[in-house]
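**Q**
In this note's numbering, the protein residues as written are 35 to 182.
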């Protein structure tokens, strides 16, 4: 799969670090890649209009460290937990009397992942879900998404 294939599916924004992303409060689809020029590893939906915050609400949930057990947050955390060096750093914090809360571990995992994101806005939640499925159907991607 080429980046061009994904690029042809929608009008995507420029890539930005996830920790500083400021997407709109609208439904849409986001892509995540590891590092500034790494491969695309995840596609997700920020589909809740208004109250749920759309794309902004979804991505901010990850940067808050509060999404350890859902979607991209879980994918990031699973990979961080599989990295012995990352685990040794967390263990050293605990052993030195500086244990973090779960959200702190989530934020540390997010920094470890060094994700960059881009997104596209859709008219409706249904449009966002359909585009997400279309992107996930692309072959040759080692998706972090569990539900493929």
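Ideal Cβ placement from N, Cα and C applies to all residues, glycine included.
Just so you know, these numbers come straight off a predicted model, no measurement behind them.
Based on the DSSP secondary-structure assignment, which residues constitute the bridge partners of residue 63?
**A** Along the chain shown, read from residue 1 onward, the residue named residue 63 stands at position 29. The partner list for residue 63 (beta bridge, DSSP) reads 79 and 154.
**Q** Inspect the CB distances between the region 134–154 and the region 54–73 and report whether three or more fall short of 8 Å.
**A** yes
**Q** Straight-line CA distance for residue 115 to residue 107?
**A** On the chain shown, position 81 is the one that residue 115 refers to. On the chain shown, position 73 is the one that residue 107 refers to. Taking the straight line joining both Cα atoms gives about 12 Å.
**Q** Count the other CB atoms within 10 Å of the CB of residue 143; is the residue buried (16 or more) or exposed (fewer)?
**A** The residue you call residue 143 lines up with position 109 of the chain shown. Classification of residue 143: buried, given that the 10 Å Cβ count is 16 or more.
**Q** Would the beta-carbon of residue 165 fall within 8 Å of that of residue 63?
**A** Mapped onto the chain shown, residue 165 falls at position 131. Mapped onto the chain shown, residue 63 falls at position 29. Taking 8 Å as the Cβ cut-off, residue 165 and residue 63 qualify as a contacting pair.
**Q** Taking residue 41 as the reference, which of 117, 179 and 168 has the closest Cα?
**A** Indexing the chain shown from 1 puts residue 41 at position 7. The alpha carbon of residue 41 has as its nearest neighbour, out of 117, 179 and 168, the alpha carbon of 168.
**Q** Name the two residues that bound the continuous alpha helix (DSSP H) containing residue 163.
**A** As a working mapping, residue 163 is identified with position 129 in the chain shown. It spans 159–170 - the alpha helix (DSSP H) in which residue 163 sits, taken as one unbroken run.
**Q** Tell me, please, which residues DSSP counts as bridged to residue 149.
**A** As a working note, residue 149 is residue 115 in the chain shown. Beta-bridge analysis with DSSP links residue 149 to 68.
**Q** Just verifying my parser: in three-state terms, what is the DSSP assignment at residue 73?
**A** Here residue 73 is taken as the residue at index 39 of the chain shown, counted from 1. Coil.
**Q** Pull up the CB-CB distance for residue 137 and residue 100, whole angstroms please, since I reckon it's below 8 Å.
**A** Taking the chain shown and counting its residues from 1, one reaches residue 137 at position 103. Taking the chain shown and counting its residues from 1, one reaches residue 100 at position 66. Going by Cβ atoms, the distance from residue 137 to residue 100 rounds to 6 Å, so yes, they are a contact pair.
**Q** Hey, would you say residue 67 sits closer than 8 Å to residue 149, going by beta carbons?
**A** One-based indexing of the chain shown puts residue 67 at position 33. One-based indexing of the chain shown puts residue 149 at position 115. In this structure, residue 149 lies closer than 8 Å to residue 67 by Cβ.
**Q** Grouping DSSP H, G and I as helix and E and B as strand, with all else coil, what is residue 50?
**A** Residue mapping note: residue 50 aligns to position 16 of the chain shown, counting from 1. Strand, per DSSP.
**Q** Residue 81 and residue 171 - do their beta-carbons sit closer together than 8 Å?
**A** The residue given as residue 171 occupies position 137 in the chain shown. The residue given as residue 81 occupies position 47 in the chain shown. No, the Cβ-Cβ distance between residue 171 and residue 81 is not below 8 Å.
**Q** Thinking just about the alpha-carbon of each residue, which of 131, 71 and 91 is nearest to the one in residue 78?
**A** Looking up residue 78 in the chain shown gives position 44. Ranking the options by Cα distance to residue 78, first place goes to 91.
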